[in-house]
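So in the numbering used here the end of the sequence shown lands on 1124, straight run, no missing numbers. What follows is a short report on a single structure.
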Amino acid sequence: MTTQSTSDSDFHIRQAQPGDLCVLLEPADPGEIADLIYRQHALQAWFGGDVVTPVHLTCQRFILSEEEYLDAFIPLLRAAMAQVAYFSLTATAFQILDLPSLQTRMLKWRVEETDALRNFVVTLNEALSATGATSLYAAGAVANLVSALISVPILSTSELVLVGGFPYSLYTARRVQLSRIDGPGVYTVLATMGLGSDMVTG
């Protein structure tokens, strides 16, 4: 299965800007990370473009009105994530995403919106609300696109179907990263933590 090209504006309230904060959901198992890199390079060989690293699902993008609120948010996020068990993300389709502001196009995996993913988003949003954060995602949105390649050419549906092979397990979400956008493709990692009983670091 392959879905049609969409615009970044279909999901976000506005385009990303320096200072925006992001919560990323990542793999932590070395074997899964190696498998993802292999998949990405296979897609790159077929379609062109550049590999996106590290592979992640951007679950939320938001702003805080005061810098000191960030100091309060990080421990709240750690506590909330410690209550969420790690879970699997299953790829169900490819998605082409046009980014007019960056004059580029991305190839993404669409993952299944499972109860585990929805519950994770609810828990995350509760932590955001507790510190007065303003989400830059549409109300009720559950992010489900994982970037594989950037700067890809225009691709036909038939090309994507040939290499799809869906559904398949993409990775186990075990780690959460909080980062700040500093500029196009430039980020500062503010904190990293594990889900559930996984080790909390950073």
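A virtual CB, placed ideally from N, CA and C, is assigned to each residue, including glycine. Because the structure is a prediction, the values reported are computed rather than measured.
Task: For R983, the residue or residues it bridges with in DSSP - done: Note: R983 sits in a beta bridge opposite C944.
Task: Start-to-end residues for the alpha helix (DSSP H) that takes in Q962 - done: Counting along the chain, the unbroken alpha helix (DSSP H) around Q962 starts and ends at 952-969.
Open item on the list: Once DSSP output is grouped into helix, strand and coil, what is the label at V1044?
Closed with: Correct three-state label for V1044: helix.
Open item on the list: Cutting at 6 Å between CB atoms, please list the residues of its own chain near Q1017, excluding the five before and the five after it.
Closed with: T925, K1030, R1032, L1067
- [ ] Would you kindly report the start and end of the unbroken beta strand (DSSP E) that includes A1095?
- [x] 1090-1095
- [ ] Thinking V1074 and R1027 are a contact (beta carbons under 8 Å), I'd like their distance in whole angstroms, please.
- [x] In this structure V1074 is in contact with R1027, their Cβ atoms being roughly 5 Å apart against a cut-off of 8 Å.
Open item on the list: At the level of alpha carbons, what is the spacing between T1014 and G1087?
Closed with: 9 Å
Open item on the list: Can you tell me whether A1060 is helix, strand or coil according to DSSP?
Closed with: coil
- [ ] May I have the straight-line CA-CA distance separating A1095 from A1113, to the nearest angstrom?
- [x] 16 Å
- [ ] Measure the C-alpha to C-alpha separation of G953 and L1011 and round it to an integer number of angstroms.
- [x] 15 Å
Task: Short Cβ contact (7 Å threshold) for R1097 with G1118 - done: No; because the gap between Cβ atoms is not below 7 Å, this pair is not in contact.
Open item on the list: So, with DSSP's three-state summary, where would you put Y1008?
Closed with: coil
TODO: Compute the distance between the beta-carbons of D972 and I1072, then report whether it is under 7 Å.
DONE: yes
TODO: From the DSSP output, in three-state form, read off L1077 for me.
DONE: coil
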